[in-house]
Amino acid sequence: MKKIFLLLCLVATIISCKKDDDGNANCIKPASIVAIQINSTSIFFEWDTSNGTAWQFEYGPTGFQLGTGIIVQTSQEEYLIPGLLPSTAYTIYLRNNCGSDGYSDYITLDFITSEPAVTCNAPTGLQQTSIGSTYIDITWEENNETAWQVEYGPVGHPIGSGTIEETSQSNYRIDGLTPATTYEIYVRANCGSQDGFSLWTPRLVITTNN
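Under the working numbering, read the sequence shown as residues 1359 to 1568, first letter to last.
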C-alpha cells in the first residue's frame, strides 16, 4: 500500500512539472523593444532578434485589452506602423512566435505620437482699423500666407455657422452690417487643397456705430 501511495505521488509530481513546463518554457521573449522614430501618425521601431526568427505584435491605444488591438505577424527585425492618430498614447505588445513551441511572454513599448506638423500658418494680430454703422475694417499679420477666410456673426455663434468670405488681402472690409450691433469675427489662412486651413484667430468682438 505504501508503494502504491509513493507511485501515485511520483505520477502527480511528473504531471505537475509537465504542466509548469507548458506554454513559454521553450519560447524565450525578446530582450528589448526600442522606438527609432515617432511622428504624428506613425512609429518606426525595432527589437532584439537573438531569441527568435518570427514575431507577433499587437498594438492599440494605451489601456486597450489584448485581443482587441491590431495584430501583426512578421519575420522582419524592424517595423513601421502607419495610420496612427496625432498626440495619442499607444502601447505595443511584442512576443516571439516559436511555432510548435507556442508564443513567449510579451514585452511592451509605450509611446505618444507627436502633434501634427504645422503646414498652414495662422494669421496673428487681428484688429479693427475702422468702424462705421454698416461696416468694419480689419487687418492681420499675413505670416507668409496669401489667402484667408473671414467669418463673422452674432456674438456666441459657433464657428462655421457664421458668414464666411474669402479674400487675398490682409486689410479687409466687412460690409452690409446692421447698425449698433455686436459682431464676433475670426480669420484663418486658406492654404489650398494640399495643406488645408490654419487654426482660427482668437475672436475679435466689435460693435457697429449707430
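Ideal Cβ positions, reconstructed from N, Cα and C, are used throughout, including at glycine.
Specify, as a first and last residue, the run of the beta strand (DSSP E) that residue i falls within.
{"i": "G1418", "result": "W1413 to P1419"}
{"i": "V1563", "result": "L1562 to T1565"}
{"i": "F1535", "result": "According to the sequence provided, residue 1535 is Leu. The question's Phe does not apply to it. Element bounds for L1535: n/a, residue is neither H nor E."}
{"i": "V1513", "result": "Looking at the DSSP string, V1513 is not in any beta strand (DSSP E), and its letter there is neither H nor E."}
{"i": "V1392", "result": "I1391 to I1396"}
{"i": "E1523", "result": "T1521 to T1525"}
Whole angstroms are fine: how far does the CA of residue j sit from the CA of residue i?
{"i": "L1535", "j": "I1522", "result": "14 Å"}
{"i": "V1513", "j": "I1564", "result": "9 Å"}
{"i": "T1525", "j": "E1509", "result": "11 Å"}
{"i": "Q1527", "j": "Q1552", "result": "21 Å"}
{"i": "I1394", "j": "I1450", "result": "14 Å"}
{"i": "S1472", "j": "D1459", "result": "38 Å"}
{"i": "G1598", "j": "E1416", "result": "In the structure as shown, the chain begins at 1359 and stops at 1568. Residue 1598 is therefore absent and cannot be evaluated."}
{"i": "G1441", "j": "T1399", "result": "5 Å"}
{"i": "L1562", "j": "Q1485", "result": "7 Å"}
{"i": "A1538", "j": "A1475", "result": "42 Å"}
{"i": "N1384", "j": "N1548", "result": "59 Å"}
{"i": "G1554", "j": "G1418", "result": "28 Å"}
{"i": "S1408", "j": "E1435", "result": "10 Å"}
{"i": "T1482", "j": "E1542", "result": "16 Å"}
{"i": "G1425", "j": "P1516", "result": "41 Å"}
{"i": "W1506", "j": "F1422", "result": "41 Å"}
Per DSSP, what are the beta-bridge partners of residue i in this structure?
{"i": "A1547", "result": "W1506"}
{"i": "S1488", "result": "D1495"}
{"i": "V1430", "result": "F1415"}
{"i": "T1423", "result": "In the sequence as presented, Thr is not what sits at residue 1423; that position holds Gln. DSSP, once it has assigned bridges, lists no residue as partnering Q1423."}
{"i": "I1465", "result": "L1452"}
{"i": "W1558", "result": "For W1558, which the question treats as bridged, DSSP gives no partner whatsoever."}
{"i": "A1447", "result": "I1470"}
{"i": "L1603", "result": "Missing from the structure shown is residue 1603; the chain here goes from 1359 to 1568 and no further."}
{"i": "E1500", "result": "Note: E1500 sits in no beta bridge, so no partner."}
{"i": "N1529", "result": "T1497"}
{"i": "T1477", "result": "Per DSSP, none; premise fails for T1477."}
{"i": "T1482", "result": "E1499"}
Which same chain residues, not among the five before or five after residue i, have their C-beta less than 7 Å away from its C-beta?
{"i": "D1379", "result": "Low local confidence applies: a pLDDT of 37 at D1379 is under 50, so the model's placement there is unreliable, with the coordinate-based value given in what follows. Closer than 7 Å at the Cβ level, and outside the excluded window around D1379, lies no residue."}
{"i": "T1504", "result": "S1526"}
{"i": "Y1544", "result": "E1509, I1517, W1558, T1559 and R1561"}
Output yes or no for whether 7 Å exceeds the beta carbon distance between residue i and residue j.
{"i": "N1479", "j": "N1454", "result": "no"}
{"i": "I1439", "j": "I1470", "result": "no"}
{"i": "D1533", "j": "Y1493", "result": "yes"}
{"i": "A1447", "j": "T1466", "result": "no"}
{"i": "N1567", "j": "I1496", "result": "no"}
{"i": "I1386", "j": "S1462", "result": "yes"}
{"i": "A1412", "j": "S1433", "result": "yes"}
Taking 6 Å as the line, does the beta carbon of residue i fall inside it for any heavy atom of the ligand FMN?
{"i": "D1406", "result": "With respect to the ligand FMN, the structure offers nothing, as it holds no ligand at all."}
Got a sec? Which residues, its chain only, sit under 6 Å from residue i by beta carbon, not counting five neighbours each side?
{"i": "L1557", "result": "A1480"}
{"i": "T1540", "result": "V1513 and T1565"}
{"i": "Y1464", "result": "Y1451 and R1453"}
Residues in the same chain with beta-carbon distance under 8 Å from residue i, minus the five sequence neighbours each way, listed in chain order, please.
{"i": "G1381", "result": "At G1381, the pLDDT of 44 sits below 50, so the modelled position is not reliable and the matter cannot be decided from this model."}
{"i": "D1406", "result": "P1388, A1389, S1390 and I1391"}
Looking at chain D, is there any beta carbon in it that lies within less than 7 Å of the beta carbon of residue i?
{"i": "E1500", "result": "Considering every chain present, this structure includes no chain D. It has just one protein chain."}
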